[in-house]
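Residue numbers (the working numbering): 3 to 397.
Positions of the beta carbon are idealized from the N, C-alpha and C atoms, including for glycine.
Below is one structure, written out as C-alpha coordinates; comments come after it.
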(Lines of atoms letter the chains of each structure in order from A and count residues from 1; the text may use other names and numbers.)
(Lines give C-alpha, C1' and ligand atoms only; values in the text may rest on other atoms or scores of the structure.)
Protein backbone atom coordinates (compact mmCIF):
# COMPACT_ATOMS: atom_id res chain seq x y z
CA UNK A 1 0.00 0.00 0.00
CA UNK A 2 1.30 3.51 -0.87
CA UNK A 3 2.17 5.17 2.41
CA UNK A 4 0.93 8.57 1.08
CA UNK A 5 -2.49 7.31 0.11
CA UNK A 6 -4.01 7.76 3.56
CA UNK A 7 -7.03 10.02 4.03
CA UNK A 8 -6.83 12.71 6.71
CA UNK A 9 -9.70 14.84 7.97
CA UNK A 10 -8.94 18.28 9.45
CA UNK A 11 -11.61 19.78 11.72
CA UNK A 12 -11.09 23.36 12.84
CA UNK A 13 -13.56 26.25 13.27
CA UNK A 14 -10.75 28.71 12.62
CA UNK A 15 -10.42 28.98 8.86
CA UNK A 16 -6.82 30.21 8.82
CA UNK A 17 -5.59 27.38 11.05
CA UNK A 18 -7.67 24.90 9.08
CA UNK A 19 -6.21 25.90 5.74
CA UNK A 20 -2.63 26.11 7.01
CA UNK A 21 -2.63 22.53 8.30
CA UNK A 22 -4.64 21.21 5.35
CA UNK A 23 -2.25 22.80 2.86
CA UNK A 24 0.73 21.29 4.60
CA UNK A 25 -0.83 17.80 4.61
CA UNK A 26 -1.79 18.12 0.93
CA UNK A 27 1.78 19.10 0.11
CA UNK A 28 2.95 15.96 1.86
CA UNK A 29 0.77 13.89 -0.49
CA UNK A 30 -2.11 12.95 1.80
CA UNK A 31 -5.74 12.94 0.71
CA UNK A 32 -7.22 15.74 2.84
CA UNK A 33 -10.82 16.61 3.71
CA UNK A 34 -11.76 19.65 5.80
CA UNK A 35 -14.66 20.54 8.09
CA UNK A 36 -15.40 23.56 10.23
CA UNK A 37 -17.99 21.96 12.53
CA UNK A 38 -18.48 18.63 14.21
CA UNK A 39 -21.63 18.01 12.17
CA UNK A 40 -19.73 18.60 8.91
CA UNK A 41 -16.98 16.32 10.15
CA UNK A 42 -19.45 13.55 11.00
CA UNK A 43 -20.98 13.78 7.53
CA UNK A 44 -17.57 13.28 5.99
CA UNK A 45 -16.75 10.45 8.40
CA UNK A 46 -19.95 8.72 7.40
CA UNK A 47 -19.48 9.13 3.64
CA UNK A 48 -15.73 8.81 3.06
CA UNK A 49 -12.82 6.72 4.17
CA UNK A 50 -10.75 8.46 6.84
CA UNK A 51 -7.53 7.15 8.39
CA UNK A 52 -6.69 10.01 10.76
CA UNK A 53 -8.45 13.07 12.19
CA UNK A 54 -6.86 16.36 13.30
CA UNK A 55 -9.44 18.32 15.29
CA UNK A 56 -9.59 21.47 17.36
CA UNK A 57 -12.04 20.14 19.96
CA UNK A 58 -12.38 19.89 23.72
CA UNK A 59 -12.43 16.63 25.62
CA UNK A 60 -16.22 16.95 25.88
CA UNK A 61 -16.52 17.34 22.09
CA UNK A 62 -14.64 14.11 21.38
CA UNK A 63 -17.64 11.98 22.34
CA UNK A 64 -19.70 13.71 19.63
CA UNK A 65 -17.29 12.74 16.83
CA UNK A 66 -18.30 9.63 14.93
CA UNK A 67 -14.92 7.97 15.11
CA UNK A 68 -16.26 4.44 15.54
CA UNK A 69 -16.48 2.15 12.50
CA UNK A 70 -18.75 -0.81 11.76
CA UNK A 71 -15.91 -3.21 12.47
CA UNK A 72 -15.35 -1.68 15.96
CA UNK A 73 -12.28 0.16 14.69
CA UNK A 74 -11.76 3.67 16.10
CA UNK A 75 -10.28 6.28 13.77
CA UNK A 76 -7.28 7.80 15.58
CA UNK A 77 -7.71 11.43 16.68
CA UNK A 78 -5.06 14.09 17.20
CA UNK A 79 -6.33 17.09 19.15
CA UNK A 80 -5.00 20.45 17.94
CA UNK A 81 -5.65 23.11 20.57
CA UNK A 82 -4.38 26.41 21.91
CA UNK A 83 -4.89 25.20 25.50
CA UNK A 84 -1.55 24.28 27.06
CA UNK A 85 -3.09 23.14 30.33
CA UNK A 86 -1.86 19.65 31.23
CA UNK A 87 -5.21 18.80 32.75
CA UNK A 88 -6.95 19.41 29.40
CA UNK A 89 -4.33 17.33 27.60
CA UNK A 90 -4.83 14.40 29.97
CA UNK A 91 -8.63 14.77 29.71
CA UNK A 92 -8.47 14.60 25.90
CA UNK A 93 -6.20 11.56 25.99
CA UNK A 94 -8.56 9.84 28.44
CA UNK A 95 -11.48 10.72 26.17
CA UNK A 96 -9.85 8.79 23.33
CA UNK A 97 -7.37 11.09 21.62
CA UNK A 98 -4.18 9.48 20.35
CA UNK A 99 -2.06 12.61 20.69
CA UNK A 100 -2.19 16.34 21.41
CA UNK A 101 -0.58 19.20 19.43
CA UNK A 102 -0.49 22.82 20.53
CA UNK A 103 -1.42 25.75 18.36
CA UNK A 104 -0.08 27.55 16.54
CA UNK A 105 1.27 24.62 14.57
CA UNK A 106 4.79 25.61 13.66
CA UNK A 107 6.76 22.48 14.48
CA UNK A 108 5.91 20.41 11.43
CA UNK A 109 8.68 17.95 12.19
CA UNK A 110 6.68 17.03 15.28
CA UNK A 111 3.52 16.82 13.15
CA UNK A 112 5.28 14.43 10.77
CA UNK A 113 6.47 12.35 13.69
CA UNK A 114 2.93 12.12 15.12
CA UNK A 115 1.48 11.21 11.71
CA UNK A 116 4.13 8.57 11.01
CA UNK A 117 3.67 6.95 14.40
CA UNK A 118 -0.12 6.82 14.19
CA UNK A 119 -0.38 5.86 10.52
CA UNK A 120 2.13 3.07 11.00
CA UNK A 121 -0.35 1.53 13.43
CA UNK A 122 -3.17 2.24 10.97
CA UNK A 123 -1.29 0.49 8.16
CA UNK A 124 -0.53 -2.48 10.39
CA UNK A 125 -4.16 -2.68 11.47
CA UNK A 126 -5.35 -2.55 7.85
CA UNK A 127 -2.84 -5.23 6.87
CA UNK A 128 -3.97 -7.47 9.71
CA UNK A 129 -7.61 -6.98 8.75
CA UNK A 130 -6.77 -7.80 5.15
CA UNK A 131 -5.01 -10.97 6.24
CA UNK A 132 -7.90 -11.86 8.54
CA UNK A 133 -10.38 -11.36 5.71
CA UNK A 134 -8.31 -13.54 3.41
CA UNK A 135 -8.08 -16.16 6.13
CA UNK A 136 -11.84 -16.09 6.74
CA UNK A 137 -12.57 -16.34 3.01
CA UNK A 138 -10.06 -19.16 2.70
CA UNK A 139 -11.64 -20.94 5.65
CA UNK A 140 -15.10 -20.57 4.10
CA UNK A 141 -13.86 -22.01 0.81
CA UNK A 142 -12.05 -24.80 2.65
CA UNK A 143 -15.15 -25.59 4.72
CA UNK A 144 -17.30 -25.66 1.59
CA UNK A 145 -14.73 -27.86 -0.13
CA UNK A 146 -14.57 -30.21 2.84
CA UNK A 147 -18.35 -30.46 2.97
CA UNK A 148 -18.43 -31.30 -0.72
CA UNK A 149 -15.60 -33.80 -0.28
CA UNK A 150 -17.36 -35.33 2.72
CA UNK A 151 -20.56 -35.67 0.68
CA UNK A 152 -18.61 -37.27 -2.18
CA UNK A 153 -16.87 -39.63 0.24
CA UNK A 154 -20.17 -40.63 1.82
CA UNK A 155 -21.63 -41.30 -1.63
CA UNK A 156 -18.51 -43.31 -2.48
CA UNK A 157 -18.91 -45.28 0.74
CA UNK A 158 -22.43 -46.26 -0.21
CA UNK A 159 -21.25 -47.40 -3.64
CA UNK A 160 -18.41 -49.35 -2.08
CA UNK A 161 -20.79 -51.06 0.34
CA UNK A 162 -22.95 -52.12 -2.58
CA UNK A 163 -19.91 -53.66 -4.29
CA UNK A 164 -19.25 -55.88 -1.31
CA UNK A 165 -21.11 -59.17 -0.95
CA UNK A 166 -23.66 -59.61 1.81
CA UNK A 167 -22.12 -59.55 5.28
CA UNK A 168 -23.38 -63.10 5.82
CA UNK A 169 -23.88 -65.40 2.88
CA UNK A 170 -24.15 -69.13 2.21
CA UNK A 171 -22.37 -70.18 -0.98
CA UNK A 172 -22.97 -73.83 -1.82
CA UNK A 173 -22.39 -75.38 1.63
CA UNK A 174 -19.87 -72.77 2.77
CA UNK A 175 -20.75 -69.91 5.11
CA UNK A 176 -19.05 -66.56 4.55
CA UNK A 177 -19.14 -63.65 6.96
CA UNK A 178 -17.16 -60.41 6.87
CA UNK A 179 -16.74 -56.92 8.29
CA UNK A 180 -14.90 -53.88 6.88
CA UNK A 181 -13.90 -50.85 8.95
CA UNK A 182 -12.45 -47.95 6.91
CA UNK A 183 -9.98 -45.62 8.61
CA UNK A 184 -11.52 -42.84 6.47
CA UNK A 185 -14.86 -42.88 4.68
CA UNK A 186 -13.55 -45.10 1.92
CA UNK A 187 -11.60 -48.30 2.35
CA UNK A 188 -8.70 -49.86 0.50
CA UNK A 189 -9.62 -53.26 1.93
CA UNK A 190 -11.85 -55.32 -0.33
CA UNK A 191 -13.14 -58.88 -0.51
CA UNK A 192 -15.58 -60.98 -2.44
CA UNK A 193 -16.92 -64.53 -2.51
CA UNK A 194 -19.18 -66.48 -4.87
CA UNK A 195 -19.68 -69.93 -6.35
CA UNK A 196 -17.92 -71.16 -9.47
CA UNK A 197 -20.14 -74.23 -9.77
CA UNK A 198 -22.16 -76.44 -7.43
CA UNK A 199 -19.14 -77.60 -5.42
CA UNK A 200 -16.49 -74.89 -5.81
CA UNK A 201 -16.47 -71.45 -4.22
CA UNK A 202 -13.98 -68.65 -4.77
CA UNK A 203 -13.07 -66.03 -2.22
CA UNK A 204 -10.39 -63.37 -2.25
CA UNK A 205 -9.16 -60.71 0.12
CA UNK A 206 -7.32 -57.57 -1.08
CA UNK A 207 -5.56 -54.77 0.78
CA UNK A 208 -4.76 -51.85 -1.53
CA UNK A 209 -1.71 -49.72 -0.71
CA UNK A 210 -2.53 -46.33 0.79
CA UNK A 211 -5.85 -45.00 2.04
CA UNK A 212 -8.85 -43.04 0.87
CA UNK A 213 -10.31 -42.40 -2.58
CA UNK A 214 -7.30 -43.46 -4.67
CA UNK A 215 -7.16 -46.84 -2.93
CA UNK A 216 -10.93 -47.22 -3.08
CA UNK A 217 -10.79 -46.69 -6.84
CA UNK A 218 -8.67 -49.84 -7.13
CA UNK A 219 -11.41 -51.78 -5.34
CA UNK A 220 -13.78 -50.73 -8.15
CA UNK A 221 -11.28 -52.08 -10.65
CA UNK A 222 -11.11 -55.36 -8.71
CA UNK A 223 -14.89 -55.71 -8.59
CA UNK A 224 -15.31 -55.01 -12.30
CA UNK A 225 -12.52 -57.40 -13.21
CA UNK A 226 -13.98 -60.14 -11.02
CA UNK A 227 -17.39 -59.73 -12.61
CA UNK A 228 -15.88 -59.94 -16.12
CA UNK A 229 -13.85 -63.04 -15.28
CA UNK A 230 -16.85 -64.64 -13.63
CA UNK A 231 -18.99 -64.05 -16.74
CA UNK A 232 -16.21 -65.38 -18.97
CA UNK A 233 -15.94 -68.51 -16.82
CA UNK A 234 -19.69 -69.14 -16.85
CA UNK A 235 -19.80 -68.96 -20.63
CA UNK A 236 -16.61 -71.00 -21.06
CA UNK A 237 -14.41 -68.34 -22.68
CA UNK A 238 -11.87 -68.10 -19.84
CA UNK A 239 -10.94 -70.12 -16.77
CA UNK A 240 -8.56 -67.63 -15.11
CA UNK A 241 -10.88 -67.20 -12.17
CA UNK A 242 -10.93 -70.93 -11.42
CA UNK A 243 -7.18 -70.97 -10.72
CA UNK A 244 -6.04 -68.77 -7.83
CA UNK A 245 -2.58 -68.11 -9.29
CA UNK A 246 -3.98 -67.20 -12.71
CA UNK A 247 -6.49 -64.91 -11.02
CA UNK A 248 -3.69 -63.03 -9.22
CA UNK A 249 -1.72 -62.79 -12.47
CA UNK A 250 -4.72 -61.22 -14.20
CA UNK A 251 -5.20 -58.72 -11.38
CA UNK A 252 -1.49 -57.89 -11.64
CA UNK A 253 -1.85 -57.27 -15.38
CA UNK A 254 -4.87 -55.00 -14.93
CA UNK A 255 -3.19 -52.95 -12.18
CA UNK A 256 -0.08 -52.34 -14.26
CA UNK A 257 -2.21 -51.40 -17.28
CA UNK A 258 -4.23 -48.94 -15.19
CA UNK A 259 -1.04 -46.98 -14.33
CA UNK A 260 -2.55 -45.92 -10.99
CA UNK A 261 0.69 -46.41 -9.10
CA UNK A 262 -1.03 -48.78 -6.68
CA UNK A 263 -0.21 -52.30 -5.62
CA UNK A 264 -2.31 -54.80 -3.71
CA UNK A 265 -1.62 -57.56 -1.23
CA UNK A 266 -4.01 -60.42 -1.91
CA UNK A 267 -5.09 -63.86 -0.82
CA UNK A 268 -7.20 -65.88 -3.25
CA UNK A 269 -8.68 -69.27 -2.39
CA UNK A 270 -10.95 -71.84 -3.99
CA UNK A 271 -12.84 -74.26 -1.76
CA UNK A 272 -13.63 -77.59 -3.43
CA UNK A 273 -16.28 -79.33 -1.34
CA UNK A 274 -16.29 -82.45 -3.48
CA UNK A 275 -12.59 -83.07 -2.92
CA UNK A 276 -12.57 -81.43 0.53
CA UNK A 277 -9.69 -79.21 -0.46
CA UNK A 278 -8.62 -75.58 -0.34
CA UNK A 279 -6.41 -74.36 -3.18
CA UNK A 280 -4.96 -70.91 -2.69
CA UNK A 281 -2.31 -68.42 -3.80
CA UNK A 282 -0.68 -65.62 -1.85
CA UNK A 283 0.08 -62.19 -3.27
CA UNK A 284 2.05 -60.63 -0.43
CA UNK A 285 -0.85 -60.87 2.01
CA UNK A 286 -0.02 -60.46 5.71
CA UNK A 287 -0.89 -61.75 8.21
CA UNK A 288 -1.55 -65.12 6.65
CA UNK A 289 -5.09 -66.49 7.06
CA UNK A 290 -5.74 -68.55 10.19
CA UNK A 291 -6.96 -72.12 9.67
CA UNK A 292 -8.85 -73.53 12.63
CA UNK A 293 -10.41 -76.93 13.35
CA UNK A 294 -11.33 -78.69 16.58
CA UNK A 295 -10.13 -75.73 18.64
CA UNK A 296 -6.66 -75.68 17.10
CA UNK A 297 -5.55 -72.67 15.08
CA UNK A 298 -2.54 -72.19 12.83
CA UNK A 299 -1.48 -69.87 10.05
CA UNK A 300 -1.70 -71.25 6.54
CA UNK A 301 1.67 -71.66 4.89
CA UNK A 302 2.58 -69.74 1.79
CA UNK A 303 4.26 -66.66 0.42
CA UNK A 304 4.28 -64.55 -2.71
CA UNK A 305 5.02 -61.05 -3.98
CA UNK A 306 2.50 -58.21 -3.87
CA UNK A 307 0.24 -57.81 -6.89
CA UNK A 308 0.76 -54.88 -9.26
CA UNK A 309 4.50 -54.33 -8.82
CA UNK A 310 6.19 -56.47 -11.48
CA UNK A 311 5.20 -57.40 -15.04
CA UNK A 312 5.66 -61.18 -14.85
CA UNK A 313 5.18 -62.42 -11.28
CA UNK A 314 4.87 -66.07 -10.36
CA UNK A 315 2.33 -67.18 -7.77
CA UNK A 316 2.44 -70.67 -6.33
CA UNK A 317 -0.70 -72.71 -5.76
CA UNK A 318 -0.93 -74.26 -2.27
CA UNK A 319 -3.20 -77.13 -1.26
CA UNK A 320 -4.81 -77.83 2.10
CA UNK A 321 -7.23 -80.58 2.98
CA UNK A 322 -10.26 -79.34 4.93
CA UNK A 323 -12.53 -81.06 7.43
CA UNK A 324 -16.27 -80.50 8.04
CA UNK A 325 -15.41 -78.41 11.12
CA UNK A 326 -12.93 -76.07 9.43
CA UNK A 327 -12.89 -72.31 9.76
CA UNK A 328 -10.63 -69.91 7.85
CA UNK A 329 -10.26 -66.36 9.10
CA UNK A 330 -8.56 -63.72 6.97
CA UNK A 331 -7.44 -60.34 8.35
CA UNK A 332 -6.01 -57.20 6.79
CA UNK A 333 -2.80 -55.93 8.35
CA UNK A 334 -4.71 -53.04 9.92
CA UNK A 335 -5.72 -55.41 12.72
CA UNK A 336 -2.10 -55.51 13.91
CA UNK A 337 -2.12 -51.72 14.37
CA UNK A 338 -4.73 -51.89 17.13
CA UNK A 339 -3.86 -55.15 18.87
CA UNK A 340 -1.99 -55.20 22.19
CA UNK A 341 1.45 -56.72 22.27
CA UNK A 342 5.03 -55.48 22.32
CA UNK A 343 6.24 -57.47 19.33
CA UNK A 344 4.80 -58.73 16.07
CA UNK A 345 5.17 -62.29 17.33
CA UNK A 346 3.08 -61.40 20.39
CA UNK A 347 0.33 -60.02 18.22
CA UNK A 348 0.37 -62.97 15.83
CA UNK A 349 0.11 -65.41 18.75
CA UNK A 350 -2.75 -63.43 20.29
CA UNK A 351 -4.55 -63.52 16.94
CA UNK A 352 -4.24 -67.31 16.86
CA UNK A 353 -5.52 -67.59 20.44
CA UNK A 354 -8.53 -65.36 19.81
CA UNK A 355 -9.51 -67.24 16.63
CA UNK A 356 -9.11 -70.62 18.35
CA UNK A 357 -11.40 -69.54 21.20
CA UNK A 358 -13.99 -67.94 18.93
CA UNK A 359 -17.08 -70.03 18.15
CA UNK A 360 -19.84 -67.56 17.29
CA UNK A 361 -18.39 -65.90 14.19
CA UNK A 362 -17.48 -62.34 13.26
CA UNK A 363 -19.48 -60.52 15.96
CA UNK A 364 -17.74 -62.38 18.79
CA UNK A 365 -14.38 -62.09 17.04
CA UNK A 366 -14.92 -58.35 16.65
CA UNK A 367 -15.60 -57.98 20.36
CA UNK A 368 -12.80 -60.32 21.46
CA UNK A 369 -10.26 -58.22 19.60
CA UNK A 370 -11.44 -55.08 21.41
CA UNK A 371 -12.74 -53.35 18.29
CA UNK A 372 -16.14 -52.36 19.72
CA UNK A 373 -14.76 -49.37 21.62
CA UNK A 374 -12.42 -47.98 18.98
CA UNK A 375 -13.25 -44.38 17.99
CA UNK A 376 -10.49 -43.99 15.40
CA UNK A 377 -8.29 -46.50 13.61
CA UNK A 378 -4.95 -45.76 11.93
CA UNK A 379 -5.51 -48.18 9.05
CA UNK A 380 -8.39 -49.94 7.36
CA UNK A 381 -9.43 -53.12 9.14
CA UNK A 382 -11.25 -56.00 7.49
CA UNK A 383 -11.74 -59.63 8.28
CA UNK A 384 -13.45 -62.55 6.63
CA UNK A 385 -14.65 -65.78 8.20
CA UNK A 386 -15.14 -68.88 6.03
CA UNK A 387 -16.58 -72.06 7.50
CA UNK A 388 -18.60 -75.16 6.65
CA UNK A 389 -22.38 -74.99 7.08
CA UNK A 390 -23.60 -77.56 9.58
CA UNK A 391 -27.18 -78.59 10.45
CA UNK A 392 -28.59 -75.66 8.51
CA UNK A 393 -27.65 -73.37 11.38
CA UNK A 394 -26.23 -70.70 9.10
CA UNK A 395 -27.74 -68.76 6.29
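Looking at the DSSP output, residue 33 bridges to 9.
Along the segment 195 to 247, the beta strand (DSSP E) occurs as fully enclosed runs of 3 or more residues at 202 to 210, listed in sequence order. The beta strand (DSSP E) runs lying completely inside the segment 25 to 96 and spanning 3 residues or more are 33 to 37, 54 to 57, 79 to 83, given in chain order. Judged by DSSP secondary structure, residue 317 falls outside any beta strand (DSSP E); it is assigned neither H nor E. The way I'd put it, the segment 269 to 278 doesn't touch the segment 225 to 232; fewer than three beta-carbon pairs between them come closer than 8 Å. One Cα belongs to residue 75, the other to residue 97, and the distance between them is close to 16 Å. Rounded to the nearest angstrom, the Cβ distance from residue 40 to residue 63 is 6 Å, consistent with a contact under 8 Å. Distance from the Cα of residue 335 is smallest, within the candidate group 323, 314, 288, 183, for 288.
The DSSP-derived three-state label of residue 180 is strand. With a cut-off of 8 Å on Cβ pairs, the segment 254 to 271 is not in contact with the segment 355 to 372, counting fewer than three such pairs.
In this chain, the alpha helix (DSSP H) harbouring residue 368 covers 364 to 370.
By the beta-carbon neighbour count (other beta carbons within 10 angstroms, threshold 16), residue 312 is exposed.
When secondary structure is reduced to three states using DSSP, residue 308 falls in the coil class, being assigned neither helix nor strand.
Taking a C-beta distance under 8 Å as the contact criterion, residue 53 and residue 10 qualify as a contact pair.
One thing to note: residue 55 has its Cβ no nearer than 8 Å to the Cβ of residue 34.
Here DSSP, grouped into helix, strand and coil, assigns residue 105 to coil.
Using a Cβ distance threshold of 8 Å, residue 390 and residue 176 count as a contacting pair.
Collapsing the DSSP output to three states places residue 355 in a helix. Relative to residue 194, the option among 202, 87, 249, 206 whose CA is nearest is 206. Its chain contains 76 as the residues whose beta carbon lies nearer than 7 Å to that of residue 70, once the 5 sequence neighbours on both sides are disregarded; these appear in chain order.
Scanning 45, 49, 7, 15 for the CA closest to the CA of residue 32 turns up 7.
With distances taken between CA atoms, residue 286 lies nearest to 310 out of 299, 293, 310. Beta bridge pairing from DSSP links residue 321 with 281. Only buried fits residue 180, as 16 or more other CB atoms lie within 10 angstroms of its CB. Note that the C-beta distance between residue 102 and residue 81 is below 8 Å. Taking a C-beta distance under 8 Å as the contact criterion, residue 371 and residue 330 do not qualify as a contact pair. The secondary-structure analysis by DSSP pairs residue 170 across a beta bridge with 179. Classified as exposed, residue 66 has fewer than 16 neighbouring CB atoms from the shown chains inside 10 Å of its CB. Within the same chain, Cβ atoms closer than 6 Å to the Cβ of residue 184 are found at 382, the five residues on either side in sequence being excluded.
A distance of 8 Å or more separates the beta carbons of residue 173 and residue 190. Counting C-beta pairs closer than 8 Å gives three or more between the segment 298 to 307 and the segment 316 to 332, which meets the contact rule.
The beta carbons of residue 358 and residue 294 sit about 6 Å from each other, so the pair counts as a contact at 8 Å. About 4 Å separates the beta carbon of residue 240 from that of residue 234, a gap short enough to meet the 8 Å contact definition.
Between residue 264 and residue 258, the beta carbon gap of about 10 Å keeps them out of contact (Cβ cut-off 8 Å). Among the bridge pairs identified by DSSP, residue 333 is matched with 385.
Exposed is the label assigned to residue 130, since fewer than 16 other Cβ atoms lie within 10 Å of its Cβ.
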